[in-house]
Amino acid sequence: MDKLIWFVVVFLLIYLFYLFFVILRKKKLSKFKSGVEVTILEKKYKVDVDKIGIKKIAHVVALTNALIIAITFVIIDFFNNIIIKLMMSFVVLMILIFISYSIIGKILRKKEKNV
């Protein structure tokens, strides 16, 4: 139960941080459009950002990044050694980023066809 509470707290903190400091600010949102996440979605998964809308993509990326960080936080909390925590966090982050962005790319491509 303790891990679930930590998961929810970390998830909400990261998502709210993204919401207030990126999505709700027009200047940051325009910089977000040329960011790494959007570039990967455009180049690798052929997602048309203008067709879907940058705000929708920003929300999806914010939720995904919050989920990735919260899952990583909970997983590394199982280990006691700091070196193992660092190694595991790197491995878990890379795996989760690869899997989640490939899923997001496929979903957004399907959504783009329906729009």
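With this note's numbering applied, the sequence shown covers 19 to 133. Ideal Cβ placement from N, Cα and C applies to all residues, glycine included. From a predicted model like this one, the values you see are computed outputs, not experimental measurements.
Contact belief for residue i with residue j at Cβ below 8 Å, rounded distance in angstroms
i   : j   : result
A88 : F50 : No, A88 and F50 are not in contact; Cβ-Cβ is about 21 Å, not under 8 Å.
K46 : V54 : So it is not a contact: roughly 14 Å between Cβ atoms.
Burial state of residue i, where buried means 16 or more other Cβ atoms lie within 10 Å
i   : result
N83 : buried
V79 : buried
Residue from the options whose Cα sits closest to the Cα of residue i
i    : options            : result
I113 : A80, I93, F38, T57 : I93
V110 : Y36, I122, D95     : D95
I58  : I115, E130, K45    : I115
Y119 : E60, L31, F25, W24 : E60
N132 : L31, V65, L81      : V65
Terminal residues of the alpha helix (DSSP H) in which residue i lies
i   : result
R43 : Element bounds for R43: n/a, residue is neither H nor E.
Y63 : Segment: none, Y63 is in no alpha helix (DSSP H) and carries neither H nor E.
G52 : For clarity, residue 52 is Ser in the given sequence; the question names Gly instead. From DSSP, S52 is part of no alpha helix (DSSP H); its letter is neither H nor E.
Contacting residues, own chain, Cβ-Cβ under 8 Å from residue i (five flanking each side not counted)
i    : result
M106 : I93, I94, F97
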